[in-house]
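Asker: What follows is a single structure, and I will ask about it in a moment.
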Amino acid sequence: MAGTNGKLHPEVMWAQRDDKLFLTINLADVRKKDAKIELKEDKLIFSGNGGPEKHDYEAEIEFYAAVKPEESKYTVQARNIPMVIKKKESGPYWPRLIKNKQKVHWLKTDFAKWKDEDDSDIDDKEDMNFEEMMSQMGGFKGGSGMQDLEGMEASPENEEEDSDDEELPDLE
């Protein structure tokens, strides 16, 4: 994964819709102030320091077709950097993310976000809405809405006989 300049290339995962790309740079522990992300119409340039050993990482991704940097969004999180990048022209799916046809080991399909092209006309409620996601990030405290589970261990008076508890007939 090391480039010619000694910097490592982070793993990048991607998926797409007719009008946008979902890109995730999988690199943990990158601080916002250290991450340099430059999105141009034809490419993405990333550099940052992260990972368990705090190595320098760098990526330059030349897109298959043009994108709209001004309408695209990203956020630097503890484990990765998710991005939603608008395609310049909505239309058929791209055959690949990068202009070069050569297979690269650091680029993977994000099957968690992938949707087949013929399914894309269905309203996608799982699209990343960063404002909503970020507003929900705070306040994850345990206990609220959780029932008291103490004393709920199985007891003979609470058990019902299951239909599969019956003896099975002998095989002939």
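Residue numbers for the sequence shown follow the numbering used here, beginning at 4 and rising by one.
Backbone N, C-alpha and C define an ideal beta-carbon position, used for all residues, glycine too.
(1) Could you say if the segment 100-115 and the segment 76-84 meet the contact criterion of at least three C-beta pairs nearer than 8 Å?
(2) Quick check for students: name the residue ranges of the beta strand (DSSP E) that lie wholly in the segment 47-107, counting only runs of 3 or more.
(3) Determine the contact status of Lys76 and Val87, defining contact as a CB-CB distance below 7 Å.
(4) Can you tell which of Ala69, Ala18, Leu171 and Pro55 has the C-alpha that lies nearest to the C-alpha of Ser93?
(5) Given a threshold of 16 other Cβ atoms within 10 Å of its Cβ, counted over all protein chains shown, does Pro55 qualify as buried or as exposed?
(6) Following a CB-centred definition, is Glu44 positioned closer than 6 Å to any heavy atom of the ligand HEM?
(7) How would you call Thr27, buried or exposed, if buried means at least 16 neighbouring beta carbons within 10 angstroms?
(8) Spatial neighbours of Lys43 within its chain, please: CB distance less than 8 Å, with the 5 preceding and 5 following residues excluded, ordered by chain position.
(9) Between which residues of its own chain and Glu65 is the CB-CB distance below 8 Å, once the five residues before and five after are set aside?
(10) With DSSP as the reference, identify every bridge partner of Trp17, one or two as the case may be.
(11) Tell me which residue opens and which closes the beta strand (DSSP E) that Glu41 is part of.
(12) Within its chain, find whatever has a CB closer than 6 Å to the CB of Gly51; leave out the 5 residues flanking it on each side and keep chain order.
(13) Roughly how many angstroms separate the alpha carbons of Phe49 and Lys118, rounded to a whole number?
(14) Compare the beta carbon distance of Pro13 and Leu30 with 7 Å and say whether it is the shorter of the two.
(15) Going by DSSP, which residues form a beta bridge with Leu171?
Answerer: The relevant details are as follows:
(1) no
(2) 58-65, 70-77 and 84-90
(3) As a first step, residue 76 must be located in the sequence shown, where it is residue number 73. As a first step, residue 87 must be located in the sequence shown, where it is residue number 84. In contact: Lys76 and Val87 (Cβ atoms closer than 7 Å).
(4) Walking along the sequence shown from the start, residue 93 turns up at place 90. Closest by alpha carbon: Ala69.
(5) Start at 1 with the first residue of the sequence shown, and residue 55 comes out as number 52. It is exposed - the Cβ of Pro55 has fewer than 16 other Cβ atoms within 10 Å.
(6) In the structure shown, the ligand HEM is absent, as is every other ligand, since no ligand is present at all.
(7) Taking the sequence shown and counting its residues from 1, the one referred to as residue 27 is at position 24. Its Cβ being crowded by 16 or more others within 10 Å, Thr27 is buried.
(8) Counting from one through the sequence shown, the residue named residue 43 turns up at place 40. In the same chain as Lys43, and ignoring 5 residues on each side of it, the C-beta atoms closer than 8 Å to its own belong to Pro72, in chain order.
(9) Here residue 65 is taken as the residue at index 62 of the sequence shown, counted from 1. Same-chain partners within the cutoff: Asp45, Lys46, Ile101, Lys102 and Asn103.
(10) The residue labelled residue 17 in the question sits at position 14 within the sequence shown. Trp17 pairs with Leu26 and Thr112.
(11) Taking the sequence shown and counting its residues from 1, one reaches residue 41 at position 38. It spans Lys39 to Leu42 - the beta strand (DSSP E) in which Glu41 sits, taken as one unbroken run.
(12) By one-based count along the sequence shown, residue 51 stands at place 48. Excluding its 5 nearest sequence neighbours in each direction, Gly51 has C-beta neighbours in its own chain below 6 Å: Val33, Asp37, Ala38 and Tyr60, listed in chain order.
(13) By 1-based counting over the sequence shown, the position of residue 49 is 46. By 1-based counting over the sequence shown, the position of residue 118 is 115. Rounded to whole angstroms, Phe49 to Lys118 spans 26 Å at the Cα level.
(14) Along the sequence shown, read from residue 1 onward, the residue named residue 13 stands at position 10. Along the sequence shown, read from residue 1 onward, the residue named residue 30 stands at position 27. Yes.
(15) Along the sequence shown, one-based indexing puts residue 171 at 168. Answer is none; Leu171 lacks a bridge partner.
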